[in-house]
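At the far end of the sequence shown sits residue 536, using full-length UniProt numbering, and the numbering has no gaps.
Virtual Cβ for every residue (Gly too), placed ideally from N, Cα, C.
Notes to accompany the following structure.
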Amino acid sequence: MDALLAPLAANRVSEPLPISAAALLANPTEYRGRILADHLLAPADLPTFDNSQMDGYAVSWFDLVTASPDDPVRVTIADQIAAGDGATTLLPGTAAPIMTGAPVPPGADAIVPIEQALPPHFQPAAPGNTDEGESDPRADAPGTPTVSFIEPVTPGTFIRRAGSDVSTGDVLLTAGSVLGPAQLGVITGTGLTEVDVLRRIRVLLVSTGHEIRDAGTTLAAGQIFDSNSISLSLALVDAGCEVTAVPCRSDDADALLSILSAHAAEVDLIITIGGVSAGAREVVRDALGPLGVDFVKVAMQPGGPQGLGVATIPLSPATPTASRPAFTSTPDAAPPSEATTTIAPATPSLSTPTKTSAPDAAPPSEATAAISPATPSLSTPTETPAPDAAPPSEATAAISPATPSLSTPTETPAPDARTELGATTTLPVLCLPGNPVSALVSFEMFVRHALRKLALLEPNDRIREVAMIASAADSPSGTYQVRRGFVGDDGTVALIGGPSSHLLHSYASSNALVHIPADVEHLDAGDPVMVWRIDD
């Protein structure tokens, strides 16, 4: 998996991301988990001016140098300064009421919190300090508001200095930073309106099957609702990808190839679901086998049949090449080539069965393989790949999440950007089994870690912990079994549902994947098992 996907990191490009409240509110998912492409230098100081850290009085420390409880210093109250106000010069012998965040006026060098003043609350401003900062003879008149202080103050007290957070030219954020609330806040705080981010890895997700239909449509005999497109699209978004989902509602290889040809120029990776087993109508195997994709049987339950490789895809002459993928809903009767929806681990294998052993539950990538998926290089797409897959859990590279509504189309491709007749593109292809639990488990075991690592998202892996199994369980000899379970507060894990690959409800009711190694045939209640938490 690492050799298959690593070139995606080397070819990753950046794109501008506007930074504004309006843009963020219009499409918040466009900002989630974005990765900064380059070091970002601060264009301004933060704070941009000296300001008050407290509600209180702006004073000159020299005026209060003799203050004590026995001999308070009394000064005249100057004009109040609120956040957002300009500040006039503070005259000697005066104190200006000042609010948190307001600029410290010239002539002031300390802030005394309101609680330390006498009286400990704000009063009307003195008539003796005008907007021009000129002394008014009425300042000493009877009834002029004053405030007293009972202790000296150190210069700089409760003043937030300009540049104390970051200075102009400092590295504001480093390349590879994930843009979250705080990061977007500090970018906006310096006045920046655009930054360069890494483009998300763009994935074409094709759920296959003559029987699949969109939820909300009327099913004919033998038809089912397509849950895989939704489940895997969101799983890919969580892994840092941008997804174009196009169901292929046909078991004809040409129909699938038509979909791939129409969208291959817009994406970096193709993932198919279904059509990879040994049946009479395996559309993915039939279409992609001749293009160089290898199909194998992995010793894992669920998720045995898998495929991967590098395929050279002929591009449709009408394929747009200068746009990002769009995500539109698919009419039930649309031909497969027109059905488009866009949402912006370890390698198990056969091993020799043994007697029951201590289940430290090493991931399947550590099991020995009779047959393992190949990991061909992207530079040799036409060669037969060597059958010695490197474990995908070691993949090191980078991928493209926007999640627009399934019913809302996004960008319309530029009409003048078309591919030439006979053009092709070479893409990595991953082929997952079609049963819903098999597809999700396969994604967790083989794909999620590698994509998140490529996307520079942390953590790459699910949280892994050891739990005590709540009841006895059997597992097939020589097969790495991944069961669904629920980890309780007492540290035990109860298996949810059976091992069958169609039991999606049991997956939805679980908070962990329970790993039973290939050499473990039986577990007693209380035996330790490795679990991967899926509730994060």
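Checking the DSSP bridge columns, you'll see N51 partnered with P103 and R160. Here the C-alpha atom of P436 lies approximately 13 Å from the C-alpha atom of A235. Pairing R34 with V178, the inter-Cα distance amounts to about 6 Å.
For I534, there is no enclosing beta strand (DSSP E), as DSSP marks it with neither H nor E. A straight-line Cα-Cα distance of about 28 Å links T29 and R464. Checking the DSSP bridge columns, you'll see K297 partnered with P305. Counting C-beta atoms within 10 angstroms of its own C-beta, R74 has fewer than 16 neighbours from the protein chains shown and is therefore classed as exposed. Look at F122 here: in three-state DSSP terms it is coil, with no helix or strand label. Taking the C-beta atoms as reference points, A44 is found no nearer than 8 Å to S14.
Under the three-state reduction of DSSP, S207 is assigned to strand. Residue pairing by DSSP puts Y480 in a beta bridge opposite M300.
Counting C-beta pairs closer than 8 Å gives three or more between the region 258-269 and the region 202-215, which meets the contact rule. Annotation for A525: S471 and A472 place their beta carbon closer than 6 Å to its own, counting only its chain and skipping 5 residues before and after. V531 and A439 have their alpha carbons spaced roughly 19 Å apart. At a Cβ-Cβ threshold of 8 Å, S167 and P47 do not count as neighbours.
One alpha carbon belongs to T76, the other to I187, and they sit about 41 Å apart. Counted as a single uninterrupted DSSP element, the alpha helix (DSSP H) harbouring A439 occupies residues P436 to S442. For A26, the uninterrupted alpha helix (DSSP H) segment begins and ends at A21 to A26. Per DSSP, the continuous beta strand (DSSP E) segment holding V112 begins and ends at A110 to P113. When the Cα atoms are used, L451 and D527 turn out to be separated by approximately 33 Å. Collapsing the DSSP output to three states places V237 in a helix. Rounded to the nearest angstrom, the gap between the Cα atoms of G56 and P7 is 59 Å. G56 sits in a strand when the DSSP states are folded into three classes.
Counting other Cβ atoms within 10 Å of its Cβ, S316 reaches 16 or more and is therefore classed as buried. With 16 or more other Cβ atoms inside 10 Å of its own Cβ, D251 counts as buried. Secondary structure of M468 (DSSP, three-state): strand. Beta bridge pairing from DSSP links I81 with I98. With at least 16 other beta carbons inside 10 angstroms of its own, P517 counts as buried. Around the beta carbon of V296, 16 or more other beta carbons sit within 10 angstroms, so the residue counts as buried.
Residue state for A455 is assigned as coil, using DSSP reduced to three classes.
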